[in-house]
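Chemist: Residue numbers (the working numbering): 277 to 458.
Structural data, given as structure tokens:
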């Protein structure tokens, strides 16, 4: 690595904070953070428009206008409207996974864990109701089996949470908190 590359790498790892120019180490270079922010703004705009107009009636041009980007910018992040939709759903699934896993992994009895899981899931669905409605409107069979409408990554996340839940129920049965109905 030459001196210029080393200097660029070092400078990319530092940024000024809001307190007047003090240097703080950042985990990602500025451009990467900016790209992530743009991607997030596009997903937020898509979520709002899909909720208001529905998936079919929303165009990439409308999403770009709502996000205040040129249409071409959207295509730097997403191949088409379908891939944007999938990214939006996967982002939501990952948020569900994080919150539900935390609820299941927190200390407590099996019953407390299940109660916390249910309360957390209800809160998540309430918070993400427009996205949930969009997902169920766009997928067939997902009303019976939600993983049916997910891509491979989303389905794997969903199955992982279900396996955790199953293990907690099994512990509850072994510990006498629940009755085995099989």
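Here a beta-carbon is modelled for each residue, glycine too, at the ideal position from N, C-alpha and C.
At which residues does the alpha helix (DSSP H) containing residue 437 begin and terminate?
Modeler: Residues 428 to 450.
Chemist: Indicate whether residue 365 and residue 340 have their beta-carbon atoms separated by less than 9 Å.
Modeler: It is not a contact, given that the beta carbons lie outside the stated cut-off.
Chemist: Could you check how far apart the C-beta atoms of residue 410 and residue 326 are, in whole angstroms? I think they sit under 8 Å.
Modeler: Yes, they are in contact, since the Cβ atoms of residue 410 and residue 326 sit about 5 Å apart, within 8 Å.
Chemist: Do residue 337 and residue 347 have their beta-carbon atoms positioned less than 9 Å apart in this structure?
Modeler: Against a cut-off of 9 Å, the Cβ pair of residue 337 and residue 347 comes out as a contact.
Chemist: Classify residue 451: buried if its beta carbon has 16 or more other beta carbons within 10 angstroms, exposed otherwise.
Modeler: So residue 451 counts as exposed.
Chemist: Going by the beta-carbon positions, is the gap between residue 378 and residue 396 smaller than 9 Å?
Modeler: Cβ atoms of residue 378 and residue 396: closer than 9 Å.
Chemist: CB residue 345 to CB residue 433, shorter than 9 Å?
Modeler: Their beta carbons are not under 9 Å apart, which means residue 345 does not touch residue 433 by this criterion.
Chemist: Could I get the ranges of all uninterrupted alpha helix (DSSP H) runs contained in the segment 338 to 417, with 4 residues as the minimum, in chain order?
Modeler: Here the runs fully enclosed are 347 to 353, 357 to 381, 386 to 403 and 405 to 414.
Chemist: Pull up the distance between the alpha-carbon of residue 487 and that of residue 437, whole angstroms please.
Modeler: Here the chain covers residues 277 to 458 and nothing more, so residue 487 does not appear.
Chemist: Which whole-angstrom value describes the C-beta separation of residue 441 and residue 380, a residue pair presumed to lie in contact below a C-beta threshold of 8 Å?
Modeler: Their Cβ separation, rounded to whole angstroms, is 7 Å, which keeps residue 441 and residue 380 in contact under 8 Å.
Chemist: Under three-state DSSP, which class holds residue 335?
Modeler: Of the three classes helix, strand and coil, the one that applies to residue 335 here is coil, per DSSP.
Chemist: Leaving out five residues before and five after residue 367 in sequence, what residues of the same chain have Cβ atoms less than 8 Å from its Cβ?
Modeler: Answer for residue 367: 319, listed in chain order.
Chemist: So for residue 457, helix, strand or coil by DSSP?
Modeler: Coil, per DSSP.
Chemist: Determine the DSSP secondary structure at residue 304, reduced to helix, strand or coil.
Modeler: Looking at residue 304 - three-state DSSP - the assignment turns out to be coil, as it is neither helix nor strand.
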